[in-house]
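Engineer: Before we start, here is the structure in question, set down as structure tokens.
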Amino acid sequence: MAVILQMTYQKKLGLPNFSSHACSVSVSVEIPDVSVAAQESSKLYSLLQAAVDNEIQQVGYLPDATSYGMHQNGNGHPPNNGNGQNRSSNDQWKCTEGQRGFILRIVADNQLDKNTVEDMAQQLFGIGVKECDKMQASQLIEELLEKTGKGNGRRRPQWRSREPARA
Amino acid sequence: MIALAEAPTAPAPRTRSENQIISELRETVSASRLSLFLQCRLKFWFRYVAGLKKPKTPALHLGGSVHQVLRAWNMARWKGTPMSLKDLYDVYQAAWGDQEEEPVSWDEDEDDQKKVGWRLLETYFRESSIAAYARPEAVEVAVDADLSRHGLPALIGVIDLVHQNRIIDFKTSSQTPNPGKVAHTNEVQTCSYALLYREATGKRESGIEFHSLVKLKNPKVVITALEPMSEQQQTRFFHLIEAYVAGLDRRDFVPSPGLQCVACEWFNECRNWR
């Protein structure tokens, strides 16, 4: 009676920037009887391992860790700071949508002059409000809260609902 | 499932189920939470899941008060309105006196500790490598990083100071830090800061510094400069976050008995764990 011997060899290797790649090769062979199974298995293992090792050396595309996902996503669209929104170019803010909304809400709630906020950003960072990145916007929000008497001197990132925590 | 034979520290009344709390803890991660989870999962459970509280230790209170003064000092430099030593001492007094919300367990003389903290600050102001007129880029800034493209929860945290593209973290300690080991023992923190900074600014940090204010008889300041986070460190950090998420999913809150338990404030509760 013929015996079918099936074997798969798979190898997964880590790559830089939290990537990984894997290669898998399978084979089925017919052997005359089970008495040769061990010998054939050993041969097949060596064969499959050599095949996988040969292929997996081809790393293929690797993203640049300093830019991939930061300035352009995989679809060629501009970044959205993780909030899934894109705005028209004449109203583009560099910070997140949550930060933008919070800054505007502080201005509206406290009837602040938008020029005052613009001046504050210029004074603190030498740029306009819309040019503030996430870090600068965070700092600006803290300043605005202090100015309006709502700052508490400790960090409370109120533009998001997540738990504030000291790193 | 965690079972306590007795609960010596009463938890605050809970309005959310344990599953809800764990689900929220899974949405975001901070360096302090991750470090605690890696240090001891049962201690993590006591603090973050059960919400048990312990009185603040004198060392923590001293560190917090020193941090508040450094924050005020850095903010003043940033705004171009330098503070006098007297102004800074007033900030220190106010910070030290703020013990109502979080009482401190004073097993040492409070006045002595207060003097130690102020001497540390005086030493730092005298020996700091940062010029009094140098303008920082950010002071105690709260930032977050979306790591969803790596299948990980969002990273949140507060960066003490950014100066000339360098991330600076202040520490108070009773021992002089070992420069050879700082990079490893603080890797969770440094990777967290680096990722937060890169995500928030789109720039790569030029380095990370720990400014350690060491509580010796003659206080001293030790600055440990580290290289920017490497890809290998980032990968290790992501694996640690993966372990955090997997541990929460498994409700894995077993203790980690070891030498570190000698000074653990949860020692008695831990002994009752079964």
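Residue numbers (the numbering used here), protein chains in the order written: chain A, 9 to 175; chain B, 10 to 283.
Glycine is no exception: its CB is placed at the ideal position from the N, C-alpha and C atoms.
1) Kindly indicate which residue of B:Arg-80, B:Asn-187, B:Arg-245 has the alpha-carbon position closest to the one of Glu-149 of chain B.
2) Around the C-beta of Thr-90 of chain B, are 16 or more other C-beta atoms found within 10 angstroms, so that it is buried, or is it exposed?
3) Taking the alpha-carbon positions, what's the Val-75 of chain B to Glu-208 of chain B distance?
4) Determine the extent of the alpha helix (DSSP H) in which Thr-210 of chain B is found, giving its start and end residues.
5) Over what stretch of residues does the alpha helix (DSSP H) that includes Phe-179 of chain B continue unbroken?
6) Between Ala-12 of chain B and Arg-283 of chain B, what straight-line distance do the alpha-carbon atoms span, to the nearest angstrom?
7) In chain order, what residues of the same chain have a beta carbon less than 7 angstroms from the beta carbon of Ile-30 of chain B, not counting five sequence neighbours either side?
8) Shorter than 8 angstroms from the beta carbon of Lys-142 of chain A to some beta carbon of chain B?
9) In angstroms, rounded to a whole number, what distance separates the CA positions of Ile-114 of chain A and Glu-126 of chain A?
10) Just the chain A side, please: which residues come within less than 9 angstroms of Thr-210 of chain B by C-beta, in chain order?
11) Ends of the beta strand (DSSP E) at Ala-234 of chain B?
12) If you measure beta-carbon to beta-carbon, which residues of the stretch 126-155 of chain B are closer than 9 angstroms to chain A?
13) As an exercise, report each continuous beta strand (DSSP E) stretch of at least 3 residues that is fully enclosed by the stretch 86-127 of chain B, in chain order.
14) Is the stretch 255-267 of chain B touching the stretch 47-63 of chain B in the sense that three or more CB pairs, one from each, lie closer than 8 angstroms?
15) One question on the structure: do Pro-228 of chain B and Arg-135 of chain B come within less than 8 angstroms of each other, judged by their Cβ atoms?
16) Comparing the C-beta of Gln-100 of chain A with each C-beta of chain B, is any distance below 8 angstroms?
17) Using the beta-carbon count (16 or more within 10 Å), is Arg-280 of chain B buried or exposed?
18) Quick check on Gln-147 of chain A - is its C-beta less than 8 angstroms from some C-beta in chain B?
Structural biologist: Based on what the coordinates show:
1) B:Arg-80
2) exposed
3) 28 angstroms
4) 196-210
5) Element bounds for Phe-179 of chain B: not the alpha helix (DSSP H) but the beta strand (DSSP E), 175-182.
6) Confidence in Ala-12 of chain B is poor, its pLDDT being 45 and thus under 50, which makes the residue's placement unreliable; the coordinate value appears in the next sentence. Each residue's alpha carbon lies about 6 angstroms from the other.
7) Val-58
8) yes
9) 13 angstroms
10) Asp-141, Lys-142, Met-143, Gln-144
11) 229-235
12) Glu-146, Ala-147, Val-148, Glu-149, Val-150, Ala-151, Val-152, Asp-153, Ala-154, Asp-155
13) none
14) yes
15) The Cβ-Cβ distance between Pro-228 of chain B and Arg-135 of chain B does not fall below 8 angstroms.
16) For Gln-100 of chain A, the answer is no, since every Cβ of chain B falls outside 8 angstroms of its Cβ.
17) It is exposed - the Cβ of Arg-280 of chain B has fewer than 16 other Cβ atoms within 10 Å.
18) At a cut-off of 8 angstroms between C-beta atoms, Gln-147 of chain A counts as an interface residue with respect to chain B.
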